[in-house]
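Protein chains: 2
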Amino acid sequence: MDAKYPVRTTEKTLALIEQLMEGGPCGVTELASDIDMGKSAVHNHLTTLQKHGYVQQIDDEYQLSLKFLEVGGRIRKSMELYQVAEPEVKSLAAETGELANILIEEQGMGVYLMRAKGADAVDLDTYAGLRTRLHTTALGKAILAYLPESRVTEILDQHGLQQKTPKSISTREELFQALDAVRERGYAIDDGERLEGLRCLGAPVRTSSGEVLGAISVSAPASRVSDQDLHGDLPEKVLSAANVIELNINY
Amino acid sequence: MDAKYPVRTTEKTLALIEQLMEGGPCGVTELASDIDMGKSAVHNHLTTLQKHGYVQQIDDEYQLSLKFLEVGGRIRKSMELYQVAEPEVKSLAAETGELANILIEEQGMGVYLMRAKGADAVDLDTYAGLRTRLHTTALGKAILAYLPESRVTEILDQHGLQQKTPKSISTREELFQALDAVRERGYAIDDGERLEGLRCLGAPVRTSSGEVLGAISVSAPASRVSDQDLHGDLPEKVLSAANVIELNINY
DNA sequence: AATAAACGTTCTGTTCTATAGAACAATATA
DNA sequence: TATATTGTTCTATAGAACAGAACGTTTATT
Numbered sequence: 001m002d003a004k005y006p007v008r009t010t011e012k013t014l015a016l017i018e019q020l021m022e023g024g025p026c027g028v029t030e031l032a033s034d035i036d037m038g039k040s041a042v043h044n045h046l047t048t049l050q051k052h053g054y055v056q057q058i059d060d061e062y063q064l065s066l067k068f069l070e071v072g073g074r075i076r077k078s079m080e081l082y083q084v085a086e087p088e089v090k091s092l093a094a095e096t097g098e099l100a101n102i103l104i105e106e107q108g109m110g111v112y113l114m115r116a117k118g119a120d121a122v123d124l125d126t127y128a129g130l131r132t133r134l135h136t137t138a139l140g141k142a143i144l145a146y147l148p149e150s151r152v153t154e155i156l157d158q159h160g161l162q163q164k165t166p167k168s169i170s171t172r173e174e175l176f177q178a179l180d181a182v183r184e185r186g187y188a189i190d191d192g193e194r195l196e197g198l199r200c201l202g203a204p205v206r207t208s209s210g211e212v213l214g215a216i217s218v219s220a221p222a223s224r225v226s227d228q229d230l231h232g233d234l235p236e237k238v239l240s241a242a243n244v245i246e247l248n249i250n251y
Numbered sequence: 001m002d003a004k005y006p007v008r009t010t011e012k013t014l015a016l017i018e019q020l021m022e023g024g025p026c027g028v029t030e031l032a033s034d035i036d037m038g039k040s041a042v043h044n045h046l047t048t049l050q051k052h053g054y055v056q057q058i059d060d061e062y063q064l065s066l067k068f069l070e071v072g073g074r075i076r077k078s079m080e081l082y083q084v085a086e087p088e089v090k091s092l093a094a095e096t097g098e099l100a101n102i103l104i105e106e107q108g109m110g111v112y113l114m115r116a117k118g119a120d121a122v123d124l125d126t127y128a129g130l131r132t133r134l135h136t137t138a139l140g141k142a143i144l145a146y147l148p149e150s151r152v153t154e155i156l157d158q159h160g161l162q163q164k165t166p167k168s169i170s171t172r173e174e175l176f177q178a179l180d181a182v183r184e185r186g187y188a189i190d191d192g193e194r195l196e197g198l199r200c201l202g203a204p205v206r207t208s209s210g211e212v213l214g215a216i217s218v219s220a221p222a223s224r225v226s227d228q229d230l231h232g233d234l235p236e237k238v239l240s241a242a243n244v245i246e247l248n249i250n251y
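Just so you know, the sequences run in chain order A and B.
Sequential numbering from 1 applies to the first sequence in the UniProt record's numbering.
Sequential numbering from 1 applies to the second sequence in the UniProt record's numbering.
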């Protein structure tokens, strides 16, 4: 995590990539001033990245290429959970007509592996690869509830409890109570904690030995999800999908 | 393309990433011998990449993280063609029940932006980010047909005409004839050229000024696509979807 | 049309640093 | 218990990254 002997040149390349990602296509001079490097050095880095396909030049501007999507796509494709869960999450979206997601934990953050839109799905700005704090979503809470407590506190120490909406969980006590509730029910609920008016229901996906691999969820506008749905029909569907995934993973 | 003053350290980092992508999770020693570097140097690179979230350590092995998916996802999301075409390609898949795709050209290669599976869709090993030779697919031919001829020959010089199946296009003459046919019809056909028994129909997406932005397609097993479909019903649906995309892009 | 400003790119000497190799601790193997 | 193999720490030196100056081109200004 700390890198005792960091490779400074690599860090500069990464800073450049980050800047191109945040700021979009850019010329050499502007980029150089943005990350505080000389023009020639930036030029050398850019042409090197271009040579290997990570950057391309369009209309006198440099920009990141879809090589990153290729690398990311291959990594995702190689993940067993993704292979198994993908068709199930799509069915779940089709069946409910809403938005269905898979999330995994990586470096203490939640990463969306994919989303599938049913016929009436809301259009959230989630996308494959998006990172989110675990405590802010039903998906994340479903994962946290089944991680070792030591790991949970480690994650809290690292990332804190940033609030998204007034309803968000803001203290550790509150979170641990919520996680207890998740373990009791077997699924997690987010009632407007991440986004006002949005209700989510997430269920963990675990191995036979109890290790948590990720979570799946359905998100829908509160107007379409009654309190009754939230504790009856919907959890049944999500838990059933999670169960099918677990069975297929454990052979 | 050539990088007159390449940053060698960055190239080593990229070689390491490439090796981790091809070979999967790996220890320091093995990785060092794979790419012919000292153990300590590899260790420094890995911890640097880890510090910035591109690599993670699991069970005494280093592996690439989904950070790449995040970067790739953000790049894709920022592309206007993707934003506009995504819902249309999904409808196309739903409507036909088959597999629908978007492809764009990047650095002379075709890159899949997304795929959408209809109810009966075949399960090809394509995925978002996958790169393919342009002359081997209906999607690629739809793009090549509307690129300037100078650019087409440039691409051929760079990437050649590798054959995938006995039916593949193997000479420049053959390709240019095929591209003429595409321009005449307005859509491209792949009848088993990429994969035996698979038929694809691709249509270009162009701006009002005639520039090609990419192509969309439907792929289906030959058993479900009659010769009649291939020149009647199917092109109509694909062309109509392409047209909707074009209208939405040009405002 | 002439001039100036700004750009991307080339090039080199100096400064900084990436790296091999040796040594260490920790774990696995015999 | 001894031996091999791993990941990691550390440092001197070989080597490379980079600032800055200069170049040719393009764009903006007067």
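No residue lacks a Cβ here, since even glycine has one placed at the ideal position from N, Cα and C.
Between the alpha carbons of residue 67 of chain B and residue 232 of chain B lies a distance of about 44 Å.
Counting only the Cα atoms, residue 7 of chain B lies some 21 Å from residue 55 of chain B. The residues 199, in chain order, have a CB closer than 6 Å to that of residue 225 of chain A in the same chain once the five nearest residues on each side in sequence are set aside. Inside the segment 56–140 of chain A, DSSP marks whole alpha helix (DSSP H) runs of 4 or more residues at positions 67–77, 80–96, from first to last along the chain. For residue 6 of chain B, the nearest CB of chain A lies under 7 Å from its own CB, placing it at the interface with that chain.
For the C-beta of residue 162 of chain B, not a single chain A residue is nearer than 9 Å; the gap to the nearest is close to 18 Å. The beta carbon of residue 248 of chain A sits closer than 7 Å to those of 84, all from its chain and outside the five residues before and after it, given in chain order. Here residue 191 of chain A carries a strand assignment [DSSP, helix/strand/coil].
In this structure, A/102 is the residue among A/80, A/130, A/102 with its C-alpha nearest to the C-alpha of residue 90 of chain A. For residue 52 of chain A against residue 14 of chain B, the beta-carbon gap comes to about 5 Å, under 8 Å, which counts as contact. Among the residues facing chain A, residue 70 of chain B is included, as its CB has a counterpart in that chain under 7 Å away.
Each residue's CA atom was taken as its position, placing residue 208 of chain A and residue 24 of chain B some 25 Å apart. Separation of residue 211 of chain A and residue 148 of chain A (C-alpha to C-alpha, rounded to the nearest whole angstrom) is 9 Å. Secondary structure note for residue 234 of chain A: its alpha helix (DSSP H) is the uninterrupted segment 233–249. Taken through DSSP and simplified to helix, strand or coil, residue 208 of chain B comes out as coil. Residue pairing by DSSP puts residue 221 of chain A in a beta bridge opposite A/198. By the rule that beta-carbons nearer than 7 Å mark a contact, residue 3 of chain A touches chain B. Distance from the CA of residue 161 of chain A to the CA of residue 179 of chain A, rounded to the nearest whole angstrom, comes to 14 Å. Secondary structure of residue 178 of chain B (DSSP, three-state): helix. Taking the beta carbon of residue 11 of chain B as reference, the chain A residues within 9 Å of it are 48, 51, 52, listed in sequence order. Beta-carbon to beta-carbon, residue 165 of chain A and residue 48 of chain B are separated by about 36 Å, too far to satisfy the 8 Å threshold. Nearest C-alpha to residue 127 of chain B among A/197, A/12, A/167, A/114: A/114.
In this structure, A/110 is the residue among A/235, A/110, A/242 with its C-alpha nearest to the C-alpha of residue 137 of chain A. Bridge partners of residue 24 of chain B according to DSSP: none are assigned. For residue 237 of chain A, the CB contacts under 8 Å within the same chain, skipping 5 residues up- and downstream, are 92, 95, 96, 218 in chain order. In the displayed model, residue 216 of chain A falls within a strand according to three-state DSSP. Counting only residues of its own chain and dropping the five nearest sequence neighbours on each side, residue 213 of chain A has a CB closer than 6 Å to the CB of 81, 205. By the 16-neighbour rule on beta-carbons within 10 angstroms, residue 187 of chain A is buried. Using a CB distance cut-off of 7 Å, residue 114 of chain A does not count as an interface residue toward chain B. Taking the beta carbon of residue 106 of chain A as reference, the chain B residues within 7 Å of it are 56, 65, 66, listed in sequence order.
The closest CA to that of residue 75 of chain B, considering only A/123, A/222, A/18, is found on A/18. Spatial neighbours of residue 3 of chain B in its own chain (CB-CB distance under 7 Å, excluding positions within 5 residues in sequence) are not present. The beta carbon of residue 76 of chain B falls within 7 Å of a beta carbon belonging to chain A, placing the residue at that interface.
Sequence-distant Cβ neighbours of residue 183 of chain B in its own chain, meaning closer than 7 Å and more than five residues away, are 145. Residue 203 of chain A sits in a strand when the DSSP states are folded into three classes. For residue 4 of chain A, there is no enclosing alpha helix (DSSP H), as DSSP marks it with neither H nor E.
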